[in-house]
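Peer 1: Per this note's numbering, the very first residue in the sequence shown carries number -17; after that it's consecutive.
Below you will find the structure I want to go over with you.
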Amino acid sequence: MGAPFDEAAEAHFDEVAEAFAGLTDVDGDVGVHLKEGRVDLCMTVNADDRPGALFKAFVAARTAVHAAGGGTSEWDSWLPTLLDADDYRSSVSLSHKDCPA
-17 MGAPFDEAAE AHFDEVAEAF AGLTDVDGDV GVHLKEGRVD LCMTVNADDR
33 PGALFKAFVA ARTAVHAAGG GTSEWDSWLP TLLDADDYRS SVSLSHKDCP
83 A
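This is how it looks when you write it as structure tokens:
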């Protein structure tokens, strides 16, 4: 796991959670494990397929982090890698557009 977070980091992640609330078609939340140095970004998005869902979630996460004053320059290589390898922990599920999820 990563290094423990301090209270300033926890406050930043609270701001990220608030930023999710301002995004359209995204239901997002942030879980922070201070001692473990781990952050979980959880989102529900509507998409036609897994790559579309991953892309929307990635963009939503990045947008929320930026809105909270954070930086994501090191994220640039993640999306292509994730899409190519499908190597990510996720609970992506699909539902028909006409059926409520």
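For each residue, glycine too, the CB sits at the ideal point set by N, CA and C.
Report the CB separation of F(-13) from L5 in whole angstroms; it is logged as a contact under 8 Å.
Peer 2: With a Cβ gap of about 23 Å, F(-13) and L5 do not count as contacting.
Peer 1: Going by the beta-carbon positions, is the gap between V8 and V21 smaller than 9 Å?
Peer 2: Cβ atoms of V8 and V21: not closer than 9 Å.
Peer 1: Between which residues of its own chain and A29 is the CB-CB distance below 7 Å, once the five residues before and five after are set aside?
Peer 2: These residues qualify, in order along the chain: A35, K38.
Peer 1: First and last residue of the beta strand (DSSP E) that includes G51?
Peer 2: Looking at the DSSP string, G51 is not in any beta strand (DSSP E), and its letter there is neither H nor E.
Peer 1: Helix, strand or coil, according to DSSP, for G10 in the structure here?
Peer 2: Strand.
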